[in-house]
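Here's the structure, in structure tokens; my notes come after.
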Amino acid sequence: MFNIILVGPPGSGKGTQSERMVQKYGFIPIALGALLRQQMAENGANKALIEGYINSGQLVPDHLSFELVTQLVQAQPSNTSFLFDGFPRTLAQVTFLENFLKQFHAKTDGVIFLDVPSEILLKRLKNRAIIEERPDDQDDNKIKTRMHIYEQETLPIVNYYKAQGELHSVDGTQNVDEVIKAIETIIDGLRS
Ligand code: AMP
Numbered sequence: 014m015f016n017i018i019l020v021g022p023p024g025s026g027k028g029t030q031s032e033r034m035v036q037k038y039g040f041i042p043i044a045l046g047a048l049l050r051q052q053m054a055e056n057g058a059n060k061a062l063i064e065g066y067i068n069s070g071q072l073v074p075d076h077l078s079f080e081l082v083t084q085l086v087q088a089q090p091s092n093t094s095f096l097f098d099g100f101p102r103t104l105a106q107v108t109f110l111e112n113f114l115k116q117f118h119a120k121t122d123g124v125i126f127l128d129v130p131s132e133i134l135l136k137r138l139k140n141r142a143i144i145e146e147r148p149d150d151q152d153d154n155k156i157k158t159r160m161h162i163y164e165q166e167t168l169p170i171v172n173y174y175k176a177q178g179e180l181h182s183v184d185g186t187q188n189v190d191e192v193i194k195a196i197e198t199i200i201d202g203l204r205s
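Sequential numbering from 14 applies to the sequence shown in this note's numbering.
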């Protein structure tokens, strides 16, 4: 296993960059937000529950995200390389993931942080609201909630990985091609 975590605030470009990383390196993506939205669209068993959290900008409870991550990872062969996109987002999720990967004698091989200042994020999210019609991008309160959660819950994990020497920061204000180039340099370095 070769495992990368992609972390960044809402609107930092995780989805766009993870698609490119999947194409280039063949990672299996574990993109929790996209998966949860897919479960909502497919009217799955937990649809109403998930919808309540996502549409208000809150994180879904850990038991749901842990179950999803477990199922997805276990469904793949043991030599798979995973790209965790938007998971973990809290220190509790970091602990879960570290312990979970140990079962496979694996670990996190690198954490890529897409660094984008909040003024730019707000503009991007408003733009995305028009293009993708995501309900959680639609109003300022929902966006504020997600930003607040990011600052309270996710920034501590950025600091944690930094202290561990595992964090690789990328200037996410650059254009999409420049960002992927920077990411590729990091991944190629980690793999060599
Ligand atoms: P994203 O597509 O990454 O912006 O995520 C959209 C929404 O999915 C978030 O606002 C949360 O409601 C939910 N979600 C995504 N990742 C997580 C996670 N790691 N833990 C809990 N909820 C999550």
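Just so it is clear, CB atoms sit at the ideal spot from N, CA and C, and this is done for glycine as well.
**Report entry** Endpoints, beta strand (DSSP E) assigned at Pro42
**Finding:** Pro42 -> beta strand (DSSP E) spans 41-44.
Query raised in the report: Under the criterion of a Cβ to heavy atom distance below 7 Å, does Arg137 qualify as lining the ligand AMP?
Result: No, Cβ of Arg137 sits at least 7 Å from all heavy atoms of the ligand AMP.
Query raised in the report: Out of Phe100, Met14, Gln89, Ser25, which has the shortest C-alpha to C-alpha gap to Ala44?
Result: With distances taken between Cα atoms, Ala44 lies closest to Phe100.
Report task. Using the Cα positions of Glu132 and Phe15, report the straight-line distance between them to the nearest angstrom. Result -> In this structure, the straight-line span from the alpha carbon of Glu132 to that of Phe15 is close to 34 Å.
Requested in this report: Rounded to whole angstroms, what's the CA-CA distance from Val171 to Gly178? Just pull it up for me.
Outcome: Using only the alpha carbons, I get a separation of about 11 Å.
**Report entry** Rounded separation between Pro169 and Leu127 - CA only
**Finding:** Those two C-alpha atoms are separated by around 15 Å.
Query raised in the report: Taking just the CA atoms, how far does Asp190 sit from Ser78?
Result: Between the alpha carbons of Ser78 and Asp190 lies a distance of about 31 Å.
Query raised in the report: Are Leu135 and Ile156 close, meaning C-beta to C-beta below 8 Å?
Result: Their beta carbons are under 8 Å apart, which means Leu135 touches Ile156 by this criterion.
Requested in this report: Report yes or no: do the region 160-167 and the region 102-110 share at least 3 C-beta pairs separated by less than 8 Å?
Outcome: Yes, the region 160-167 is in contact with the region 102-110.
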